[in-house]
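Q:
Printed below as a string of structure tokens:
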């Protein structure tokens, strides 16, 4: 059975393909899923570590039912998805004699969810994970490592906006804009669904067993073609933090898990009513909390944090990419809203500044991604392009520091039809090898800093910087050529050809220009995003 998991910053959705009904079905996991009259079964992305050494944890709705999310205990984790694969500044807890990373918390969380599915009982033969558009290779690599421990035959990944487009089930050949705005990320993607008779592997494969490879080879595929995409580390958890800061400044309320939870409830209420009040009584400390906010002041707080400016920037990026594909804004047939944050009325009004209301759909904000990802198991093939640029590190003599030279631009489709050529020479006398460090280059407009403010995990946009993730900066991985005889400055010595294959592996070939010897031939270096 194929299971799709939309692992979100605030909530996680699990879905399966119901063979009897021939349609996707969202699963309710006992003890983990929240029960709500308004929403489908959602698993809160919360985790509490009881015993790190014994891998004993509590997650999902159980954390809230026991009140474990209302204390400042370092064993409690929320928003941990944002810290996976990133360099986090500040306090990282040590529990039961062990340093607890966000990667480990995430692995506990996903492993327990898969175990709970098996306890329903349902067989788990194939998993599909959805990932944000702006996820760096480090996050995808972590997801691959987690997959190896799940005892599942096949694991694939699909970017969240494309999954959402499939989840809304609109007709073929329509051009769709997906706005996926959840707890941690904002992702925009222009997707076109086409018919195809190709029989290629479906999605981006992390792990594939022989049995499922044979079964899928007979499927007839359709194509979901990604035409443009853009993303930012901005979501509902940032809004919660802004509200906590507001009440700290105006009412002197301490920044704590209690006030964060109350702020989140206020935000949710204000999607339905114009004025909201939240009251909480702490029976341990005999303290009462009362927070009140109206929709007008709430929207002013958003504006003060350049919320709408950031949304405009993201929209302009994706529309500019679409224009390069020959598409204008009027060519977009439908706009699909996904994620809890799209339920904020101000966000919906912002979308209506760009598109007429008749084109906007918001009836499946939580389930579209997980249910759409299941379409991969029904014969959907994804044709995609590289979201990030990739380049090599060099020494910038003018600035007296390392800089990055872009080789493969964002937007490059794969597999590449023609390689990129680079000619290099020795920089030292009697040089016996040449090293290259390949990096994944983020947007030039800025990066994201992740840090702790007390026990809150905060992200902050850094203007005017480019975020870079080195991909092979470790012993044994940097060297691409051994020079015999040794090289000397002043002349070209090697020619390097770079290409990206159908599975997003960056491959290089190296020729020694002095000896005409092929030193490397189509060697895979790293898997790209």
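Numbering (the working numbering), first residue to last: 1 to 529.
Beta carbons: idealized from backbone N, C-alpha and C, even for Gly.
1. Measure the alpha-carbon distance for residue 75 versus residue 406 and round it to whole angstroms.
2. Is it right to say residue 417 is buried, meaning 16 or more other beta carbons lie within 10 angstroms of its own, or is it exposed?
3. Which residues share a DSSP beta bridge with residue 401?
4. Select from 100, 37 and 16 the residue whose C-alpha is nearest the C-alpha of residue 50.
5. Per the contact definition of three or more C-beta pairs closer than 8 Å, is the stretch 10-22 in contact with the stretch 155-166?
6. Are the CB atoms of residue 479 and residue 433 within a distance shorter than 9 Å?
7. Return helix, strand or coil for residue 29, following the three-state DSSP convention.
8. Looking only at its own chain, which residues have a Cβ that is under 6 Å from the Cβ of residue 473, when we skip the five neighbours before and after it?
9. Is the separation between the beta-carbon of residue 228 and that of residue 338 shorter than 9 Å?
10. Which residue from 336, 372, 278 and 358 puts its Cα closest to that of residue 550?
11. Can you tell which of 345, 233 and 504 has the C-alpha that lies nearest to the C-alpha of residue 389?
12. For residue 22, which three-state DSSP category applies?
13. Note down the Cα distance separating residue 347 from residue 341, rounded to an integer number of angstroms.
14. If you draw a straight line from the C-alpha of residue 77 to the C-alpha of residue 60, how long is it?
15. For a minimum of 4 consecutive residues, which ranges assigned as the alpha helix (DSSP H) are wholly contained in the stretch 223-310?
16. Contact check, residue 52 vs residue 98 under 8 Å by CB: the rounded distance?
17. So, with DSSP's three-state summary, where would you put residue 9?
18. State the CB to CB distance for the pair residue 494 and residue 521, rounded to an integer number of angstroms; the pair is presumed to be in contact (CB under 8 Å).
19. Taking just the CA atoms, how far does residue 498 sit from residue 435?
20. Looking only at its chain, what residues have a beta carbon closer than 6 Å to the beta carbon of residue 344, apart from the 5 residues adjacent to it on each side?
21. Please confirm whether residue 120 and residue 29 have their CB atoms less than 9 Å apart.
22. I'd like the span of the beta strand (DSSP E) that includes residue 130, first residue to last.
23. Just how far apart, CA to CA, sit residue 408 and residue 391?
24. So what's residue 357 in DSSP terms, helix, strand or just coil?
25. By Cβ distance below 6 Å, which residues in the same chain neighbour residue 234 in space, the five residues on each side in sequence not counted?
26. Give me whichever residues DSSP pairs with residue 512 in a beta bridge.
27. Could you spell out the range, first to last residue, of the alpha helix (DSSP H) harbouring residue 80?
28. Looking at C-alpha atoms only, which residue of 289, 481, 336 and 117 is the closest neighbour of residue 5?
29. To the nearest angstrom, report how far apart residue 481 and residue 470 are at their CA atoms.
30. Drop a sphere of 10 angstroms on the beta-carbon of residue 315, count the other beta-carbons inside from all chains shown, and report buried for 16 or more, exposed for fewer.
31. Whole angstroms is fine: what's the gap from residue 410's alpha carbon to residue 313's?
32. Hey, out of 490, 115 and 125, whose CA is closest to residue 425's CA?
33. If you run the structure through DSSP and keep just helix, strand and coil, what is residue 42?
34. Assuming residue 333 and residue 179 are in contact, meaning their beta carbons sit under 8 Å apart, how far apart are those beta carbons, in whole angstroms?
35. Quick check on the burial criterion: 16 or more other C-beta atoms within 10 angstroms. Buried or exposed for residue 423?
36. Determine the burial state of residue 236: buried for a count of at least 16 other Cβ atoms within 10 Å of its Cβ, exposed for fewer.
A: Looking at the atomic coordinates:
1. Their Cα atoms are separated by approximately 42 Å.
2. Counting every other CB atom within 10 Å of its CB across the protein chains shown gives residue 417 a total below 16, marking it as exposed.
3. The partner list for residue 401 (beta bridge, DSSP) reads 396.
4. Nearest Cα to residue 50 within the set 100, 37 and 16: 100.
5. Because the criterion of three Cβ pairs below 8 Å is not met, the stretch 155-166 and the stretch 10-22 do not touch.
6. Taking 9 Å as the Cβ cut-off, residue 433 and residue 479 qualify as a contacting pair.
7. Three-state DSSP puts residue 29 in coil, outside helix and strand.
8. Excluding positions up to five away in sequence, the list reads 437.
9. No.
10. Outside the displayed range of the chain (1 to 529) lies residue 550, so it cannot be described from this structure.
11. Looking at the Cα atoms, 504 is the closest of the given residues.
12. Three-state result, residue 22: coil.
13. Distance between the alpha carbons of residue 347 and residue 341 is about 8 Å.
14. If you take the alpha carbons of residue 77 and residue 60, they lie about 11 Å apart.
15. Listed in chain order, they are 236-251, 257-269 and 295-304.
16. Yes, they are in contact, since the Cβ atoms of residue 52 and residue 98 sit about 5 Å apart, within 8 Å.
17. It is coil, neither helix nor strand.
18. Approximately 13 Å separates the beta-carbon atoms of residue 494 and residue 521; this is outside 8 Å, ruling out the contact.
19. So the alpha carbons of these two residues sit roughly 15 Å apart.
20. Cβ neighbours of residue 344 beyond the five flanking positions: 271.
21. Their beta carbons are under 9 Å apart, which means residue 120 touches residue 29 by this criterion.
22. Per DSSP, residue 130 is one residue of the beta strand (DSSP E) stretching across 126-131.
23. Between residue 408 and residue 391, the C-alpha separation is close to 6 Å.
24. Helix.
25. Once the five neighbours on either side are set aside, the close Cβ partners of residue 234 are 186 and 310.
26. Residue 512 pairs with 494 and 517.
27. Careful: residue 80 lies outside any alpha helix (DSSP H) and carries neither H nor E.
28. Considering only alpha carbons, the answer is 117.
29. Distance between the alpha carbons of residue 481 and residue 470: 19 Å.
30. With 16 or more other Cβ atoms inside 10 Å of its own Cβ, residue 315 counts as buried.
31. The alpha-carbon atoms of residue 410 and residue 313 are separated by roughly 17 Å.
32. Out of 490, 115 and 125, 490 has the C-alpha closest to the C-alpha of residue 425.
33. Three-state result, residue 42: strand.
34. Taking a contact as a CB-CB distance under 8 Å, the pair residue 333 and residue 179 does not count as one, their CB atoms being some 14 Å apart.
35. Residue 423 should be labelled exposed.
36. Label assigned to residue 236: buried.
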